[in-house]
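Notes for the one structure printed next.
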Amino acid sequence: MRRRFDLWGVPFDGAATLGWPGSRYAPAEVRKALAWMKMRTEDGRVYSLDTGAVLDIGDDLLTDRGDAAVIASDLTASLDACSAAVADSVRAGRVPIVVGGDDSLLFACVRGFHDAVEGSVGVVHFDAHLDLMDSNVQQGRYSQSSGMRRSLELERVRAEHCIQVGLRHFNFPSSAEVVRAHDLAQITAVEYQRLGTEGAVARIRERIAGADHVFFSFDIDAVDPAHAPGAGAHEPGGLTSREALDCVRALAPHCGGFAITEVNPLKDVGGMTATLAAYLVYSFAVYGSVGA
(Lines of atoms letter the chains of each structure in order from A and count residues from 1; the text may use other names and numbers.)
(Lines give C-alpha, C1' and ligand atoms only; values in the text may rest on other atoms or scores of the structure.)
Protein backbone atom coordinates (compact mmCIF):
# COMPACT_ATOMS: atom_id res chain seq x y z
CA MET A 1 0.00 0.00 0.00
CA ARG A 2 1.41 3.38 -1.03
CA ARG A 3 1.89 6.02 1.64
CA ARG A 4 0.40 9.46 1.07
CA PHE A 5 2.03 12.72 2.18
CA ASP A 6 0.91 16.11 3.48
CA LEU A 7 3.02 19.21 2.84
CA TRP A 8 2.83 21.85 5.56
CA GLY A 9 4.50 25.25 5.44
CA VAL A 10 5.49 26.76 8.77
CA PRO A 11 6.64 30.31 7.95
CA PHE A 12 8.05 31.18 11.37
CA ASP A 13 11.53 32.42 12.23
CA GLY A 14 10.83 34.19 15.52
CA ALA A 15 13.23 31.86 17.35
CA ALA A 16 16.16 32.61 15.00
CA THR A 17 18.12 34.25 17.80
CA LEU A 18 21.48 33.29 16.30
CA GLY A 19 22.54 33.52 12.67
CA TRP A 20 20.19 35.15 10.19
CA PRO A 21 16.39 35.33 10.23
CA GLY A 22 14.54 34.96 6.93
CA SER A 23 13.40 31.34 6.88
CA ARG A 24 9.79 32.50 7.16
CA TYR A 25 10.00 33.05 3.40
CA ALA A 26 11.12 29.49 2.64
CA PRO A 27 7.75 27.69 2.30
CA ALA A 28 6.69 29.93 -0.59
CA GLU A 29 10.02 29.55 -2.40
CA VAL A 30 10.16 25.79 -1.90
CA ARG A 31 6.62 25.45 -3.25
CA LYS A 32 7.64 27.34 -6.41
CA ALA A 33 10.58 25.00 -6.92
CA LEU A 34 8.42 21.92 -6.28
CA ALA A 35 6.29 22.73 -9.30
CA TRP A 36 9.33 22.02 -11.49
CA MET A 37 9.42 18.44 -10.19
CA LYS A 38 5.73 17.64 -9.86
CA MET A 39 4.98 18.50 -13.51
CA ARG A 40 6.84 15.38 -14.66
CA THR A 41 4.24 12.94 -13.36
CA GLU A 42 2.38 11.12 -16.15
CA ASP A 43 -0.52 8.77 -15.43
CA GLY A 44 0.55 8.57 -11.81
CA ARG A 45 4.12 7.58 -12.66
CA VAL A 46 7.49 9.31 -12.66
CA TYR A 47 10.81 8.22 -14.14
CA SER A 48 13.68 8.24 -11.63
CA LEU A 49 16.95 8.84 -13.44
CA ASP A 50 18.82 8.17 -10.18
CA THR A 51 17.54 4.58 -9.94
CA GLY A 52 16.58 3.85 -13.54
CA ALA A 53 13.06 2.88 -12.49
CA VAL A 54 9.66 4.19 -13.54
CA LEU A 55 7.91 4.60 -10.20
CA ASP A 56 4.17 4.24 -9.66
CA ILE A 57 3.51 7.09 -7.22
CA GLY A 58 -0.12 7.86 -8.03
CA ASP A 59 -1.66 11.24 -8.76
CA ASP A 60 -2.21 12.09 -5.09
CA LEU A 61 1.30 11.55 -3.69
CA LEU A 62 1.69 14.96 -2.05
CA THR A 63 -1.18 17.14 -0.83
CA ASP A 64 -0.38 20.75 0.00
CA ARG A 65 -2.16 21.53 3.29
CA GLY A 66 -1.16 25.18 3.25
CA ASP A 67 0.59 26.92 6.14
CA ALA A 68 0.24 26.20 9.83
CA ALA A 69 -1.42 29.06 11.74
CA VAL A 70 1.74 30.63 13.11
CA ILE A 71 1.82 33.98 14.90
CA ALA A 72 4.98 35.94 14.20
CA SER A 73 5.10 37.48 17.68
CA ASP A 74 4.13 34.35 19.63
CA LEU A 75 6.69 31.53 19.83
CA THR A 76 4.57 29.19 21.96
CA ALA A 77 1.48 29.54 19.78
CA SER A 78 3.55 28.97 16.65
CA LEU A 79 5.19 25.84 18.01
CA ASP A 80 1.76 24.59 19.06
CA ALA A 81 0.40 25.24 15.56
CA CYS A 82 3.24 23.28 13.99
CA SER A 83 2.77 20.36 16.40
CA ALA A 84 -0.96 20.34 15.68
CA ALA A 85 -0.39 20.22 11.91
CA VAL A 86 2.02 17.27 12.19
CA ALA A 87 -0.29 15.40 14.56
CA ASP A 88 -3.29 16.00 12.30
CA SER A 89 -1.55 14.34 9.35
CA VAL A 90 -0.30 11.38 11.37
CA ARG A 91 -3.71 10.73 12.94
CA ALA A 92 -5.22 10.77 9.45
CA GLY A 93 -2.84 8.00 8.41
CA ARG A 94 -0.69 10.30 6.29
CA VAL A 95 2.98 11.25 6.41
CA PRO A 96 3.71 14.89 7.30
CA ILE A 97 6.39 16.88 5.49
CA VAL A 98 7.10 20.27 7.06
CA VAL A 99 8.95 23.15 5.43
CA GLY A 100 10.03 25.75 7.98
CA GLY A 101 10.83 28.05 9.36
CA ASP A 102 13.71 28.11 11.83
CA ASP A 103 14.94 25.05 13.68
CA SER A 104 12.91 25.63 16.83
CA LEU A 105 10.44 23.65 14.73
CA LEU A 106 12.50 20.50 15.25
CA PHE A 107 10.94 20.16 18.70
CA ALA A 108 7.48 21.17 17.52
CA CYS A 109 7.54 18.55 14.75
CA VAL A 110 8.84 15.76 16.97
CA ARG A 111 6.30 16.63 19.68
CA GLY A 112 3.38 16.54 17.24
CA PHE A 113 4.63 13.25 15.82
CA HIS A 114 5.24 11.78 19.29
CA ASP A 115 1.77 12.74 20.53
CA ALA A 116 0.04 11.16 17.52
CA VAL A 117 1.70 7.73 17.65
CA GLU A 118 2.03 4.96 20.19
CA GLY A 119 5.31 3.31 21.07
CA SER A 120 8.90 4.48 20.96
CA VAL A 121 10.11 7.33 18.76
CA GLY A 122 13.54 7.78 17.20
CA VAL A 123 14.87 10.96 15.62
CA VAL A 124 17.25 11.29 12.68
CA HIS A 125 18.68 14.80 12.95
CA PHE A 126 20.81 16.22 10.12
CA ASP A 127 22.39 19.48 11.26
CA ALA A 128 25.71 21.30 11.52
CA HIS A 129 24.86 22.03 15.16
CA LEU A 130 23.90 19.96 18.18
CA ASP A 131 20.74 21.88 19.20
CA LEU A 132 21.21 20.62 22.77
CA MET A 133 21.12 23.99 24.55
CA ASP A 134 18.97 23.91 27.66
CA SER A 135 18.32 27.59 28.25
CA ASN A 136 20.07 30.95 28.33
CA VAL A 137 19.11 34.61 28.67
CA GLN A 138 19.40 35.38 24.98
CA GLN A 139 17.52 32.39 23.61
CA GLY A 140 15.26 30.98 26.33
CA ARG A 141 14.22 27.30 26.34
CA TYR A 142 12.58 26.89 22.92
CA SER A 143 15.03 28.37 20.46
CA GLN A 144 16.66 27.11 17.28
CA SER A 145 19.48 25.86 19.54
CA SER A 146 17.39 23.63 21.82
CA GLY A 147 15.17 21.53 19.56
CA MET A 148 16.96 18.23 20.08
CA ARG A 149 17.30 18.81 23.83
CA ARG A 150 13.56 19.41 24.19
CA SER A 151 12.77 16.44 21.95
CA LEU A 152 14.82 14.09 24.13
CA GLU A 153 12.68 15.15 27.10
CA LEU A 154 9.50 13.78 25.51
CA GLU A 155 8.25 10.64 27.25
CA ARG A 156 8.67 8.12 24.43
CA VAL A 157 11.57 9.61 22.47
CA ARG A 158 14.37 7.10 22.94
CA ALA A 159 17.91 8.45 22.81
CA GLU A 160 19.17 4.98 21.90
CA HIS A 161 17.23 5.32 18.63
CA CYS A 162 18.33 8.89 17.84
CA ILE A 163 21.30 9.97 15.75
CA GLN A 164 22.74 13.31 14.65
CA VAL A 165 24.48 13.66 11.27
CA GLY A 166 26.63 16.36 9.67
CA LEU A 167 27.85 17.99 12.88
CA ARG A 168 31.03 20.04 12.65
CA HIS A 169 33.36 22.63 14.15
CA PHE A 170 32.74 23.83 17.74
CA ASN A 171 29.95 23.84 20.33
CA PHE A 172 29.26 24.36 24.04
CA PRO A 173 31.01 22.07 26.57
CA SER A 174 27.65 21.73 28.36
CA SER A 175 26.28 20.13 25.19
CA ALA A 176 29.06 17.55 25.29
CA GLU A 177 27.80 16.56 28.73
CA VAL A 178 24.30 16.02 27.30
CA VAL A 179 25.72 13.88 24.49
CA ARG A 180 27.53 11.67 27.01
CA ALA A 181 24.58 11.50 29.41
CA HIS A 182 22.22 10.25 26.68
CA ASP A 183 24.86 8.24 24.80
CA LEU A 184 23.64 10.14 21.75
CA ALA A 185 24.97 8.72 18.48
CA GLN A 186 26.65 11.08 16.04
CA ILE A 187 28.15 11.01 12.58
CA THR A 188 30.16 14.19 12.27
CA ALA A 189 30.88 15.67 8.86
CA VAL A 190 34.45 14.43 9.18
CA GLU A 191 33.25 10.90 10.00
CA TYR A 192 30.74 11.03 7.15
CA GLN A 193 33.55 11.60 4.66
CA ARG A 194 35.33 8.51 5.98
CA LEU A 195 32.20 6.33 5.92
CA GLY A 196 30.70 7.56 2.67
CA THR A 197 26.96 7.69 2.10
CA GLU A 198 26.50 3.92 2.07
CA GLY A 199 28.32 3.49 5.38
CA ALA A 200 26.56 6.44 6.99
CA VAL A 201 23.12 5.20 5.97
CA ALA A 202 23.94 1.73 7.30
CA ARG A 203 24.90 3.20 10.67
CA ILE A 204 21.77 5.37 10.80
CA ARG A 205 19.51 2.44 9.98
CA GLU A 206 21.19 0.33 12.64
CA ARG A 207 20.57 3.06 15.22
CA ILE A 208 16.88 3.54 14.43
CA ALA A 209 16.10 -0.13 13.86
CA GLY A 210 14.46 -0.70 17.26
CA ALA A 211 12.19 2.36 17.23
CA ASP A 212 8.49 1.94 16.57
CA HIS A 213 8.39 5.26 14.71
CA VAL A 214 11.08 7.57 13.32
CA PHE A 215 10.98 11.29 12.54
CA PHE A 216 13.58 12.76 10.15
CA SER A 217 14.56 16.41 10.64
CA PHE A 218 16.92 18.11 8.19
CA ASP A 219 18.43 21.52 8.96
CA ILE A 220 19.72 22.75 5.59
CA ASP A 221 23.01 23.86 7.17
CA ALA A 222 23.97 20.18 7.32
CA VAL A 223 24.82 20.84 3.67
CA ASP A 224 27.97 22.80 2.87
CA PRO A 225 27.23 26.46 2.07
CA ALA A 226 28.86 25.99 -1.34
CA HIS A 227 25.82 23.86 -2.18
CA ALA A 228 23.26 25.59 0.07
CA PRO A 229 24.13 29.26 0.68
CA GLY A 230 20.56 30.13 1.64
CA ALA A 231 20.83 28.97 5.24
CA GLY A 232 20.48 30.46 8.71
CA ALA A 233 24.22 30.05 9.28
CA HIS A 234 27.24 29.15 7.18
CA GLU A 235 29.36 26.24 8.40
CA PRO A 236 31.96 25.14 5.84
CA GLY A 237 32.91 21.50 5.48
CA GLY A 238 29.42 20.03 5.26
CA LEU A 239 27.67 17.45 3.12
CA THR A 240 27.31 17.91 -0.61
CA SER A 241 23.91 18.21 -2.24
CA ARG A 242 24.45 14.75 -3.77
CA GLU A 243 25.12 13.22 -0.36
CA ALA A 244 22.03 14.88 1.12
CA LEU A 245 19.79 13.66 -1.69
CA ASP A 246 21.14 10.12 -1.51
CA CYS A 247 20.61 9.98 2.26
CA VAL A 248 17.02 11.14 1.97
CA ARG A 249 16.33 8.61 -0.78
CA ALA A 250 17.75 5.78 1.32
CA LEU A 251 16.11 6.76 4.62
CA ALA A 252 12.66 7.92 3.46
CA PRO A 253 11.06 4.45 3.49
CA HIS A 254 12.05 4.03 7.15
CA CYS A 255 10.70 7.37 8.47
CA GLY A 256 7.18 8.46 9.33
CA GLY A 257 7.68 12.20 9.00
CA PHE A 258 10.11 14.75 7.58
CA ALA A 259 10.97 18.39 8.23
CA ILE A 260 13.37 20.72 6.48
CA THR A 261 14.32 23.88 8.33
CA GLU A 262 16.49 27.00 8.15
CA VAL A 263 16.23 27.51 4.39
CA ASN A 264 16.74 31.25 4.09
CA PRO A 265 15.76 32.87 0.77
CA LEU A 266 17.27 36.18 1.92
CA LYS A 267 20.74 34.57 1.82
CA ASP A 268 20.14 32.35 -1.20
CA VAL A 269 21.84 32.61 -4.58
CA GLY A 270 19.58 32.17 -7.57
CA GLY A 271 17.17 30.03 -5.58
CA MET A 272 19.63 27.13 -5.46
CA THR A 273 18.97 26.30 -1.79
CA ALA A 274 15.20 26.44 -2.16
CA THR A 275 15.55 24.14 -5.17
CA LEU A 276 17.66 21.67 -3.19
CA ALA A 277 15.11 21.77 -0.36
CA ALA A 278 12.31 21.08 -2.84
CA TYR A 279 14.21 18.09 -4.23
CA LEU A 280 14.71 16.79 -0.69
CA VAL A 281 10.98 17.12 -0.05
CA TYR A 282 9.99 15.49 -3.32
CA SER A 283 12.58 12.73 -2.95
CA PHE A 284 11.31 11.92 0.54
CA ALA A 285 7.77 11.57 -0.81
CA VAL A 286 8.63 9.64 -3.98
CA TYR A 287 11.09 7.18 -2.47
CA GLY A 288 9.19 6.96 0.79
CA SER A 289 5.84 6.25 -0.82
CA VAL A 290 6.16 2.47 -0.51
CA GLY A 291 7.61 2.43 3.00
CA ALA A 292 10.11 -0.02 4.48
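If you number the sequence shown the way the numbering used here does, the last residue is 555 and the count never jumps. Where is the CB? At the ideal position from N, CA and C, for every residue including glycine.
Local Cβ density within 10 Å of residue i, reported as buried at 16 or more and exposed below that
i, result
"H517", "buried"
"L514", "buried"
"T536", "buried"
"R404", "exposed"
"I467", "buried"
"Y310", "exposed"
"H392", "buried"
"R505", "exposed"
"W299", "exposed"
"Q407", "buried"
"L562", "Residue 562 lies beyond the range of the chain shown here (264 to 555); nothing can be said about it."
"E498", "buried"
"L312", "exposed"
"R412", "buried"
"V293", "buried"
"G329", "exposed"
"G495", "buried"
"V387", "buried"
"A355", "exposed"
Pair within 8 Å by beta-carbon distance, residue i and residue j
i, j, result
"I471", "I426", "yes"
"V361", "V442", "no"
"H424", "S383", "yes"
"V358", "R267", "yes"
"L543", "H490", "no"
"G385", "T524", "no"
"V333", "A350", "no"
"L270", "D327", "yes"
"I450", "V420", "no"
"G285", "L529", "yes"
"G277", "S346", "no"
"L324", "S552", "yes"
"D510", "A463", "For the record, residue 510 in the displayed sequence is Cys; it is not Asp. Result yes, Cβ atoms of C510 and A463 sit closer than 8 Å."
"G501", "A452", "yes"
"D397", "S409", "yes"
"A331", "A348", "yes"
"H476", "G519", "yes"
"A422", "L447", "yes"
"H445", "L417", "no"
Backbone CA spacing between residue i and residue j [nearest angstrom]
i, j, result
"V521", "G375", "The question names Val, yet the displayed sequence has Phe at residue 521. Rounded to whole angstroms, F521 to G375 spans 12 Å at the Cα level."
"F389", "D531", "20 Å"
"A279", "L395", "15 Å"
"H432", "A485", "12 Å"
"E305", "D322", "8 Å"
"T314", "R303", "16 Å"
"F275", "S437", "28 Å"
"A379", "G473", "19 Å"
"A296", "A541", "6 Å"
"R287", "N527", "8 Å"
"Q319", "K301", "The question names Gln, but residue 319 is Asp in the sequence shown. One C-alpha to the other measures close to 13 Å."
"A316", "L508", "17 Å"
"G459", "E469", "16 Å"
"Q402", "M264", "44 Å"
"Q456", "D487", "13 Å"
"A289", "R512", "22 Å"
"F435", "N399", "12 Å"
"A371", "A439", "23 Å"
"E381", "L430", "30 Å"
"G307", "E461", "30 Å"
"E454", "D366", "23 Å"
Whole-angstrom C-beta distance between residue j and residue i, which should lie under 8 Å
i, j, result
"V373", "F478", "5 Å"
Beta carbon proximity, residue i to chain B, threshold 8 Å
i, result
"I320", "Chain labels in this structure do not include chain B; a single protein chain is all it has."
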